[in-house]
Amino acid sequence: MNILPFLARPVASVITRRVNRDAANALQCQQHIFHHLIGKGRETVYGKAHGYGHINSYDDYRKLVPLVDYETIKPFIERASTGERDVLWPGVPKYFATTSGTTSGSKYIPITPDSISNHIDTARNALLLYMKRSGNYRMAAHGMIFLQGSPELGMKGVIPAGRLSGIVAHHVPGYLQRNRMPSWKTNCIEDWETKVDAIVEETLKRRMSVISGIPSWLRMYFEKLLERTGKPVGEIFPDFSLMVYGGVNYEPYRTVMRNLTGRPVDTLETYPASEGFIAFQDLAEGDGLLLNVNSGIFYEFIPVSEAGSASPARISLEEVETGTDYAIVLSSNAGLWAYSLGDTVRFVSCNPYRIVVTGRISQYISAFGEHVIASEVEGALAEVSSNSGVWVNEFTVVPNVSPASGSPHHEWLIEFDAPPPSADEFATGLDLAMRKRNHYYDDLVGGNVLGPLKVTVLPKGSFGELLKMKGKLGGQNKVVHVSNRRDFADELLEMVKRDHPPATSC
């Protein structure tokens, strides 16, 4: 008999009380973390260079410590990678989490002995809070799969380096190893399609209860299961009761995932990043994600309206308001100081602090001043797809500033599982949904500055094919859903033109 469900009950109660206590005292937690971080940072190379010895308040911090991006701190990362001590944080990093950068190639985000618990413990807390509120303790008795990058690590200088999910695989608690899938051997397969095929073979023999990953890669796994057995996932795995996801907005994938599972399955949204585990779902769907306020991260926020200015306003958690989009800035025990994460969020509650992720600072369209953001695009697509009864596999949206004919417009490249009954009606519905969500876009279309959006229907598998060609299939790689640049979209259209029948537009 598996005793994990019985052991999980008292632990879940303790963790739930602790998380709720921290949430109720969020500002005190943030104040404590702030002073702890500054105390630790005073003896570092970075702290001495920025006058940490003179910092006694958050106002001092704003004045003395500049906002940075990866390019700014890259020289300090390089020094730390040689084994030099006390560069950004006392000691040396335990790992570097590798992630793709737009200007820097691969980025190397430090994970220190102090910050590793942020990633491990927060994931544990999210699962335990779900168990407590749902009463679903039995899920701990069966298989749990985490679709992730390879745990095999390379080196950045003298420091082990790899994808965050691969690093985390080295720290899965021993009591979960018995139920954890896939096997180490399978997890180390680099080719994503080969890896997913191997995972299918391994998991078909198991009683799976928890399945976790980025929605687009979960969809690939589910489709392969369906292809292999002819059965929906919920029928293959009768014990499957929880799907954990993060990394992108789930709404555009909700319909297709519901059809692939074949029955309702609880979902748990998380917000992990290489720079820190930011938030997780602690209540029912629709209530936002609980900000992780007591896990080594001090938060600052910049109103998105000021994100591009030379001296944007920086505010602490105490000053945020609901309904405003903010760019997140982190300082943490990983040795990141006033680091712009690049993500944008909106608070849906300040008691406790809960957020929804609205996109990336770099992921927007404003070729004509419309400033369309990812959450608007994803919300419109989810609404119209649901109303039309179609499944969207993947998509991206870009401006078409100089079309061969007609007015400038937004171009939506969409890969459907099966195209909508009327492509024209689908495009019209999308345009209306976008005008409802963004009044700048509405004014531009109403004033004939922009034409109505156009939808280009791509053959099934197009996005995956291009990602594979670029060596970015699987793992933590994601399709950019909204961009002011056409690079990826033009590559996609060129590939489809070369390898498939002509794409259709409406």
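Under the working numbering, the residues of the sequence shown are numbered 1 to 506, in order.
We put the CB at the ideal spot given by N, CA and C, even for glycine.
Since the model is a prediction, treat every value here as computed from it, not as a measurement.
Classification of residue i by the beta-carbon crowding that lies within 10 angstroms, buried from 16 upward
i      : result
GLU227 : exposed
HIS54  : exposed
SER311 : exposed
ARG28  : Per the sequence shown, the amino acid found at residue 28 is Gln instead of Arg. GLN28 should be labelled exposed.
SER305 : exposed
PHE277 : buried
SER407 : exposed
GLU494 : exposed
ASN2   : exposed
ALA24  : exposed
MET139 : buried
TRP184 : exposed
GLU370 : buried
PHE6   : exposed
THR194 : exposed
ARG163 : buried
HIS170 : exposed
VAL196 : buried
VAL449 : exposed
MET220 : buried
LYS156 : buried
GLY41  : buried
ASN56  : exposed
THR122 : buried
SER386 : exposed
Check whether residue i and residue j have beta carbons under 7 Å apart
i      : j      : result
LEU290 : ASP282 : yes
PHE395 : ILE414 : yes
THR270 : GLY246 : yes
PHE96  : ALA161 : yes
ALA382 : PRO252 : yes
GLY51  : LEU64  : yes
TRP391 : VAL256 : yes
ILE199 : PRO182 : yes
ASN125 : VAL19  : yes
VAL233 : LEU242 : no
ALA367 : PRO399 : yes
ILE214 : LEU128 : no
LEU37  : SER331 : yes
VAL480 : ALA433 : no
THR112 : TRP89  : yes
VAL397 : HIS410 : yes
SER388 : PHE426 : yes
PRO93  : ILE167 : no
ALA12  : MET144 : no
VAL482 : VAL356 : no
VAL244 : SER212 : yes
ILE33  : PHE298 : yes
Residues bridged to residue i [DSSP beta-bridge criterion]
i      : result
TYR271 : ALA279
GLU411 : VAL398 and LYS454
THR322 : PHE347
VAL210 : MET144 and LEU242
GLY359 : THR344
ALA327 : ILE302 and THR344
TYR95  : ILE111
VAL372 : ILE365
ARG258 : DSSP lists no partner for ARG258.
HIS353 : The sequence given here places Tyr at residue 353; His does not occur at that position. Per DSSP, CYS350.
LEU290 : PHE280 and ARG354
VAL392 : PHE416
SER332 : ILE297
SER316 : GLU300
TYR339 : VAL68 and LEU330
ASP499 : Answer is none; ASP499 lacks a bridge partner.
ASP266 : LEU242
Residue-chain proximity (residue i, chain C), Cβ-Cβ < 7 Å
i      : result
MET220 : Included in the structure is just one protein chain, with no chain C present.
Alpha helix (DSSP H) segments (min. 4 residues) lying fully within the region 179-206 = 184-187 and 192-203
In the region 130-186, which residue ranges form an unbroken beta strand (DSSP E) of at least 3 residues, counting only runs that do not cross its ends?
-> 143-146, 154-156 and 159-162
Touching by the beta-carbon criterion (3+ pairs, under 8 Å), the region 345-359 and the region 315-330 = yes
4 or more residues per run - each alpha helix (DSSP H) lying fully within the region 41-85 | 45-49, 58-64 and 70-81
Could you tell me which uninterrupted alpha helix (DSSP H) segments, each at least 4 residues in length, are contained entirely in the region 428-497, listed from first to last along the chain?
-> 439-446 and 462-469
Okay, do the region 139-152 and the region 67-81 touch, 3+ Cβ pairs below 8 Å being the bar?
-> no
How do the region 470-485 and the region 430-445 stand: do at least 3 beta-carbon pairs fall below 8 Å, yes or no?
-> no
Write down every uninterrupted run of the alpha helix (DSSP H) in the region 8-47 whose length is 4 residues or greater and which is fully enclosed by it, in chain order.
-> 26-41
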